[in-house]
Amino acid sequence: MNRMCRAISVNERGYYKWLNNGRRPKKWQPLLAEIHKIPDEEPDNDNYGADRMLIALTQRGIMTSLSSVRRAMRKGNLLKPNRRSPDGLTKADKKAMRPQNLIKRNFTAKAPNEKWLTDISQVQCKDGKLYIAQVFDCFGGEIISLAMDTNMKKELCISAVEAAFKLRNPCSGVLVHNDAGSQYTSDAYKLMIRKHHAVQSMSDVGKCYDNARMESFFATLKKGKLHRIDTAKLAVEQVKKIIFRYVMIYYNRKRISTVNPGGWTQTVYRENQQLLVQLLKFRVFLNCTKIDFFILFFFLKCANIVVLTIRFEALLC
Numbered sequence: 003m004n005r006m007c008r009a010i011s012v013n014e015r016g017y018y019k020w021l022n023n024g025r026r027p028k029k030w031q032p033l034l035a036e037i038h039k040i041p042d043e044e045p046d047n048d049n050y051g052a053d054r055m056l057i058a059l060t061q062r063g064i065m066t067s068l069s070s071v072r073r074a075m076r077k078g079n080l081l082k083p084n085r086r087s088p089d090g091l092t093k094a095d096k097k098a099m100r101p102q103n104l105i106k107r108n109f110t111a112k113a114p115n116e117k118w119l120t121d122i123s124q125v126q127c128k129d130g131k132l133y134i135a136q137v138f139d140c141f142g143g144e145i146i147s148l149a150m151d152t153n154m155k156k157e158l159c160i161s162a163v164e165a166a167f168k169l170r171n172p173c174s175g176v177l178v179h180n181d182a183g184s185q186y187t188s189d190a191y192k193l194m195i196r197k198h199h200a201v202q203s204m205s206d207v208g209k210c211y212d213n214a215r216m217e218s219f220f221a222t223l224k225k226g227k228l229h230r231i232d233t234a235k236l237a238v239e240q241v242k243k244i245i246f247r248y249v250m251i252y253y254n255r256k257r258i259s260t261v262n263p264g265g266w267t268q269t270v271y272r273e274n275q276q277l278l279v280q281l282l283k284f285r286v287f288l289n290c291t292k293i294d295f296f297i298l299f300f301f302l303k304c305a306n307i308v309v310l311t312i313r314f315e316a317l318l319c
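Just so we're aligned, residue 3 is where the sequence shown starts under our numbering, counting upward by one.
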């Protein structure tokens, strides 16, 4: 070996160091192997970015850093390009009376059914365009209802919001925010909002960022699903089923959230919040002491209900 190293002008010690390091896997390789397991559980998970992938790994007990996840995903060619800028679809009716912008780009909510967002998007299909309207709950980011049709008339928007009221049956005063499209300034839409004792808020004309969180959902839907399949070769009814399955099953119930504590999905986070409210009412009803409340907290911690335990810890301090 000494002669061979001299023949090619290589240090023998350096050769053995290279040989040993070459057999040892790089630090990012075992991590990349764990990352590949996540899309295997759910095909739509292969669109996860580094932030969401880090949460998924943490939930599986794999402690690492964001930079390590990003490095491993870059080595595995798993990082996705940036999203495209939103394009407006609805057209404003300049003669119509428009409600004020009450939400003012504040998309946070302390409880479910406090602030809702709604808008329309379109998808090109084989037999025409499919228009999608939905209602988005700012608390947790859950899609409450979906309405789809081959036209973008006001009835589509009304149908989506009506379905949300039937599903949630909220108290009076829900803030419903939409863009400045003529569908949302129509008398029929305003009458429906008043019927449910809700408050309408509207984006300024041409200001897509006034409804930025709704636009962000559309970007997720299109980048995560629709841009990855050739919808122009699929019939409208087929695309409807694909969208419903992605939004109501995967997005709401399976997809990790980078906004909610612990990465909990939108539906789980809302249900945990509602359970917490009921438990607090139960405590007041029974006049529980702090010790009794601590026992309840310990039970939840053993059940590994992370979102609830975070809130109980704050109450116990």
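Note that the Cβ used here is the ideal one computed from N, Cα and C, for glycine as well.
From a predicted model like this one, the values you see are computed outputs, not experimental measurements.
Determine the DSSP secondary structure at Val261, reduced to helix, strand or coil.
-> coil
Between Lys19 and the rest of its own chain, which residues show a CB-CB distance below 6 Å, the 5 nearest in sequence each way excluded?
-> none
Taking the alpha carbon of Asn180 as the point to measure from, which residue in Lys106, Ile146, Met204 and Cys140 has its own alpha carbon closest?
-> Met204
Consult DSSP for Cys127 and reduce its assignment to one of helix, strand or coil.
-> strand
Could you tell me whether any Cβ in chain B is nearer than 9 Å to the Cβ of Ala200?
-> Of the protein chains in the structure, only one exists, and it is not chain B.
Close beta carbons around Ile64, own chain, < 7 Å, minus the five adjacent residues each side | Glu36
Identify whether Gln102 lies in helix, strand or coil by the three-state DSSP scheme.
-> coil
From the DSSP output, which residues share a beta bridge with Glu144?
-> Asp139
If you drop the 5 nearest sequence neighbours on each side, which residues of the same chain put their C-beta closer than 7 Å to that of Ile105?
-> Lys117, Leu177, His179 and Ser203
Provide the residue span of the alpha helix (DSSP H) that contains Asn4, from first to last.
-> Asn4 to Ala9
Roughly how far, in whole angstroms, is the beta-carbon of Asn57 from the beta-carbon of Gly265, given that I think they are within contact range, below 8 Å?
-> This sequence places Ile at residue 57; Asn is not what is there. Confirmed, Cβ separation roughly 4 Å.
Go ahead and label Pro32 buried or exposed: buried means 16 or more other beta carbons lie within 10 angstroms of its beta carbon, across all protein chains shown.
-> exposed
For Asn207, which three-state DSSP category applies?
-> Looking at the sequence itself, residue 207 is Val, so the reference to Asn does not match. Coil at Val207, not helix or strand.
If you check the beta carbons only, do Val137 and Leu228 fall under 9 Å apart?
-> no
Express the C-alpha separation of Gly142 and Arg257 in angstroms, rounding to a whole number.
-> 12 Å
With 16 other Cβ atoms within 10 Å as the buried cut-off, status of Cys140 | buried
When Glu157, Asn274, Ile122 and Ser70 are compared against Ala1, the one with the closest alpha-carbon | Since the displayed the chain opens at 3 and closes at 319, residue 1 lies outside it and no answer follows.
Is the distance from the Cβ of Ala135 to the Cβ of Gly175 below 9 Å?
-> no
Cβ-Cβ separation, Arg272 to Pro114 (assumed contact under 8 Å), whole Å | 5 Å
Within the chosen definition, does the segment 146 to 161 reach the segment 60 to 78 through at least 3 CB pairs nearer than 8 Å?
-> no
Lys168 to Lys242 span [Cα, whole Å] = 21 Å
Can you tell which of Ala162, Val238 and Glu44 has the C-alpha that lies nearest to the C-alpha of Ile251?
-> Glu44
N-terminal and C-terminal residue of the alpha helix (DSSP H) that His199 is part of = No alpha helix (DSSP H) holds His199; DSSP gives it neither H nor E.
Out of Gly78, Leu132 and Asp48, state which residue places its alpha-carbon closest to the alpha-carbon of Lys235.
-> Leu132
Apply the 10 Å Cβ neighbour rule to Thr267 and answer buried if 16 or more other Cβ atoms are within range, or exposed otherwise.
-> buried
What whole-angstrom Cβ distance do Asp53 and Leu68 have, given they're in contact under 8 Å?
-> 7 Å
Nearest-angstrom Cα distance between Ser259 and Ile195?
-> 30 Å
Kindly give me the distance between the Cβ atoms of Tyr186 and Cys159, rounded to whole angstroms, as I take these residues to be in contact under 8 Å.
-> 6 Å
What's the gap between the Cα of Ala190 and the Cα of Ala165?
-> 15 Å
Residue burial classification, Gly226 (beta-carbon count within 10 angstroms, cutoff 16) = buried
Excluding the five sequence neighbours on either side, which residues of its own chain have a C-beta within less than 6 Å of the C-beta of Asp333, listed in chain order?
-> Outside the displayed span of the chain (3 to 319) sits residue 333, for which this structure offers no information.
In three-state terms, what does DSSP make of Val241?
-> helix
From Ser161 to Lys155, what does the alpha carbon distance come to, in whole angstroms?
-> 10 Å
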